[in-house]
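One structure is given below, encoded as structure tokens.
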């Protein structure tokens, strides 16, 4: 069964199914044309075994019917029974055609889906199947070099921060500058703290920082890249920490619109480029998908050029 409908539509579905099969055989009786019209690659050179109204049953139809039932070798009795089944089906289909069910929207939609899928399998899928691994390594290396930035992780630095928010109060800003300058002076007098960057600013954070998430953690705010985060505060910290030269270095007291900062550069994770060998499979899959998408787009464009659509007036437009 090709699709599902509510139980109340089962008979309609079965009729549609047989009708679609008849149409797939190339046996459309809508025109009621002569038997000469019943041509096509599957019919050339074949003699009809049975004819029911406008529908002919050929040897190829019988062979397909037996194959679908899993019968690889059929004696005469089995062939006759299979042909009887096909004849019964053809009688149902002819009745459906006479009842104009070939014009039913459900049948038309299903027929369109079947034909479009069959045509793709015939004309497009072989092209897509031919685009398959392995792709030339030279091409993959070319893609790797062209997209190197995708496989490179940026340098990251870990920072500790003492921060006081003066707002737009100039006097408070001066007081905070002096307060952080005193903290910086105390830091450099503590040789043990200076030798252990992993401690950040240690206990200084409690009394010399208003940054709630880091003040009880030695001022440590974690790892960041050069561009910082989405907000101005992290961008300011990133800019300061990336201006420092070596892990362990401490900035001067810096005043910015975001507040008054004292930043320590704790550690660094260098930029890393993933080697070609580790991304070659990923590159190949992406390139195959791109080539297949390109082939399918070209295929559909050729169809559109060959069979241009014609826009007709809609019912709404006609009523106006």
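In the UniProt record's numbering, the protein residues as written are 1 to 320. Beta carbons: idealized from backbone N, C-alpha and C, even for Gly.
Under 6 Å Cβ to Cβ from residue i, same chain only, skipping five residues before and after it: list those, please.
i	result
residue 258	232, 233 and 236
residue 292	128 and 131
Could you compute how far the alpha carbon of residue i sits from the alpha carbon of residue j?
i	j	result
residue 148	residue 136	18 Å
residue 114	residue 72	26 Å
residue 244	residue 200	15 Å
residue 143	residue 238	32 Å
residue 38	residue 298	Residue placement at residue 38 is poorly supported in this model, since its pLDDT is 41, which falls under 50; the coordinates still yield a value, given next. Approximately 32 Å, taken between the alpha carbons.
residue 123	residue 90	29 Å
residue 197	residue 139	46 Å
residue 66	residue 288	38 Å
residue 168	residue 191	35 Å
residue 355	residue 194	Here the chain comprises residues numbered 1 to 320, so residue 355 is not present and cannot be evaluated.
residue 267	residue 117	58 Å
With a threshold of 16 other CB atoms inside 10 Å of the CB of residue i, please say whether the residue is buried or exposed.
i	result
residue 260	buried
residue 78	exposed
residue 321	Lying before the first or after the last residue shown, residue 321 is absent from the chain, which here runs from 1 to 320.
residue 305	exposed
residue 153	exposed
residue 281	exposed
residue 107	buried
residue 162	buried
Under a CB-based cut-off of 9 Å, is residue i close to chain D?
i	result
residue 193	The structure shown contains no chain D, having only a single protein chain.
DSSP three-state call for residue i: helix, strand or coil?
i	result
residue 203	coil
residue 158	strand
residue 151	helix
residue 132	coil
residue 119	helix
residue 230	coil
residue 242	coil
Tell me which same chain residues have a C-beta within less than 7 Å of the C-beta of residue i, skipping the five on either side of it?
i	result
residue 46	58, 59 and 60
Using a Cβ-Cβ cutoff of less than 8 Å, which residues in the same chain neighbour residue i once the five nearest sequence positions on both sides are dropped?
i	result
residue 164	176, 179, 180, 208, 209, 210, 259 and 260
residue 86	50, 57, 61, 62 and 65
residue 186	204
Checklist entry - Counting Cβ pairs closer than 8 Å, one from the region 213–227 and one from the region 149–161, do we hit at least three? => result In this structure the region 213–227 touches the region 149–161; the number of beta carbon pairs closer than 8 Å is three or more.
Checklist entry - How about the region 201–218 and the region 126–134: do they share at least three Cβ pairs that are nearer than 8 Å? => result Inter-segment contact for the region 201–218 and the region 126–134 is absent: fewer than three beta-carbon pairs are separated by less than 8 Å.
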